[in-house]
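Below: one structure, written as structure tokens.
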Amino acid sequence: MDTGVSVVGSGQVSAPPDVLRVSFSVEHVAPDVAAAVAQVGERTDAVVAALRGQGIDAGAIATSTVSVYQEYREHGRSPGYRGSHQLTATTKDLTGFGRLLNAAVDAGGNSLNLQALEFDIADKTELLSRARELAFRQARAKAEELAGLAGYSLGSVTSISESHGHFPIREQAVPLAKGAFDSQLEITPGDQNVHVSLEVHFSWA
């Protein structure tokens with residue numbers, strides 16, 4: 088049986104975001120699958136062209152999901168088929184959300200939904216290193232305190248287990264109506280948090 092003490096230390100570092108991701112879905116219901124797919128494809132192309140017109144590179148617009156399914160209808164009503172295409176646009180322009188939203192709404196009309204809004208940090212390497220350092224300091228301080236209470240001296244580290252997380256801002260899906268948003272609409276990013284948790288085992292000296 089291993090002897091010693093296991094403790095958990097946590098470290099959190101905050102920094103301003105440098106990336107904005109906006110996810111839209113284009114949906115259309117039609118009497119048959121072919122029509123649903125065709126309409127979704129046409130309107131998605133229009134939304135992509137509108138986003139490109141706002142300076143978003145083609146490589147920064149990516150498909151997330153595509154689906155086509157039969158909608159449940161009341162007995163006696165003709166079946167309907169809903170097509171959906173979700174895509175995400177990524178930009179470094181954190182102030183351009185209003186322009187992107189208006190452009191997408193103008194292109195997609197009432198077929199457009201806002202699926203998610205996310206601020207992020209592109210490269211978290213340095214932030215994670217700083218958070219690890221803080222987490223390890225806390226773990227060692229806890230272990231030293233527990234060792235003193237137990238009448239032991241702290242020895243070497245025998246194992247470390249890490250978990251970390253980043254918590255971006257997200258919004259749930261919202262249906263949009265054409266012309267519903269002002270072009271000057273602004274959003275406030277706020278700092279993003281990077282969190283590291285370390286489980287550290289120390290032996291007794």
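Quick note: to get the working numbering, add 87 to the position in the sequence shown (first position is 1). C-beta atoms are modelled at their ideal positions from N, C-alpha and C, and glycine is treated no differently.
Give me the residue from the options with the minimum Cα distance to residue i.
i	options	result
Val95	Ile143, Val281, Leu233, Tyr159	Leu233
Ala194	Val153, Ala137, Thr150, Leu187	Ala137
Ala218	Ala230, Ser250, Val244	Ser250
Tyr156	Gly146, Tyr168, Arg164, Ala149	Tyr168
Gly98	Asp207, Leu241, Ala222, Asn280	Ala222
Glu284	Ser248, Ala121, Ile274	It is Ser, not Glu, that sits at residue 284 in the sequence shown. The shortest C-alpha separation from Ser284 is found at Ser248.
Ile274	Ser240, Leu241, Gly185	Gly185
Ser240	Ala292, Asn280, Glu286	Ala292
Just how far apart, CA to CA, sit residue i and residue j?
i	j	result
Ser198	Gly128	12 Å
Lys179	Gln225	35 Å
Pro104	Pro276	7 Å
Ser216	Thr177	25 Å
Tyr159	Pro166	7 Å
Ser243	Ala230	11 Å
Thr182	Val106	11 Å
Ala228	Val100	19 Å
Gln202	Arg164	30 Å
Lys211	Asp119	46 Å
Ser246	Asp278	32 Å
Glu161	Val113	25 Å
Gly238	Val92	12 Å
Ala121	His115	11 Å
Glu286	Ala102	24 Å
Ser151	Asn280	25 Å
Leu236	Gly146	58 Å
Leu135	Gly196	As written in the sequence, residue 135 is Val, which differs from the Leu given in the question. Cα to Cα, Val135 sits roughly 13 Å from Gly196.
Asp207	Arg139	21 Å
What do you reckon, are the CB atoms on residue i and residue j nearer than 8 Å?
i	j	result
Thr90	Ser290	yes
Gly252	His288	no
Phe111	Asn200	yes
Leu174	Ile148	yes
Since residue i and residue j should fall inside the 8 Å C-beta cutoff, what is the C-beta to C-beta distance between them, to a whole number of angstroms?
i	j	result
Arg108	Glu205	4 Å
His172	Val153	5 Å
Ala133	Gln126	Actually they are not in contact, since the Cβ atoms of Ala133 and Gln126 sit about 11 Å apart, beyond 8 Å.
Gln141	Leu187	6 Å
Ala123	Gly170	4 Å
Next item on the list: Could you pull out every unbroken beta strand (DSSP E) segment of at least 3 residues lying fully inside the segment 115-159, listed in chain order?
Entry: 148-158
Notebook entry, point to check: Could you give the uninterrupted runs of the beta strand (DSSP E) lying entirely in the segment 195-236, keeping only those of 3 residues or more?
Noted result: 199-207
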